[in-house]
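In our numbering, the protein residues as written are 24 to 169. Backbone N, C-alpha and C fix where the C-beta goes; we use that ideal spot for every residue, glycine too. Report on the following structure.
Structural data, given as structure tokens:
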């Protein structure tokens, strides 16, 4: 009985001390200085979570005074099916339209049966995501893959 009480007590303490981890809000000056050296950013991703996260990172950079010359998200995989008119991602993207370029992989579109006319406004179709990322890297972009 004593062990059960101890286990319940430990679980209760752990449950009340769990903290929620949030993304970084403030960049130190050295990070801002370093990021100013190459103000072009390219991301390749395949999930809705990463799509939203990379758009939110745009806000983080701007709010911390980082100059952005170009910011491009290259989308491939199943998330392409969520880039359609009247979707949640369309509503989320409206704030970034005209600021962030989103390139959608035509190979993924074809494999997943997503027609160009079903995509929401503000998206660009690229022949292949991988080649587009190589092109961004060749043009001096800071790149990340999710």
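I'd like the list of long-range same chain contacts for residue 93, defined as Cβ closer than 6 Å, with 5 residues on each side in sequence excluded.
For the purposes of this step, residue 93 is identified with residue 70 of the chain shown, where counting begins at 1. For residue 93, where only same-chain residues beyond five positions count, the Cβ hits under 6 Å are 63.
Helix, strand or coil, according to DSSP, for residue 164 in the structure here?
What you label residue 164 is simply residue 141 of the chain shown in a count that begins at 1. Residue 164 falls in the coil class under three-state DSSP.
Does DSSP put residue 85 in a helix, in a strand, or in coil?
As a working mapping, residue 85 is identified with position 62 in the chain shown. Residue 85 falls in the helix class under three-state DSSP.
Who pairs with residue 148 in a beta bridge, going by DSSP?
Against the chain shown, residue 148 aligns to sequence position 125. Answer is 127.
Does the segment 63-74 come into contact with the segment 83-97, if we say contact requires no fewer than three beta-carbon pairs (one atom in each stretch) closer than 8 Å?
Cβ pair count under 8 Å is three or more, so yes.
Please say whether residue 143 and residue 87 have beta carbons closer to each other than 9 Å?
Here residue 87 is taken as the residue at index 64 of the chain shown, counted from 1. Here residue 143 is taken as the residue at index 120 of the chain shown, counted from 1. No.
Can you give me the Cβ contacts of residue 45 inside the same chain, cut-off strictly under 8 Å, excluding the 5 residues immediately before and after it?
In the chain shown, counting from the first residue as 1, residue 45 sits at position 22. With a pLDDT of 48 at residue 45, under the threshold of 50, the modelled position of this residue cannot be trusted; read the value that follows with caution. If we look at residue 45 and ignore the five residues flanking it on each side, it has no Cβ neighbours.
How far does the beta strand (DSSP E) with residue 98 in it reach, from first residue to last?
Taking the first residue of the chain shown as 1, we reach residue 98 at position 75. Where residue 98 is concerned, the enclosing beta strand (DSSP E) stretches over 93-98.
Within 10 Å of its beta-carbon, does residue 103 have 16 or more other beta-carbons around it, so buried, or fewer, so exposed?
Here residue 103 refers to the residue found at position 80 of the chain shown. So residue 103 ends up on the buried side.
Could you have a look at residue 115 and say whether DSSP puts it in helix, strand or coil?
As a working mapping, residue 115 is identified with position 92 in the chain shown. Looking at residue 115 - three-state DSSP - the assignment turns out to be helix.
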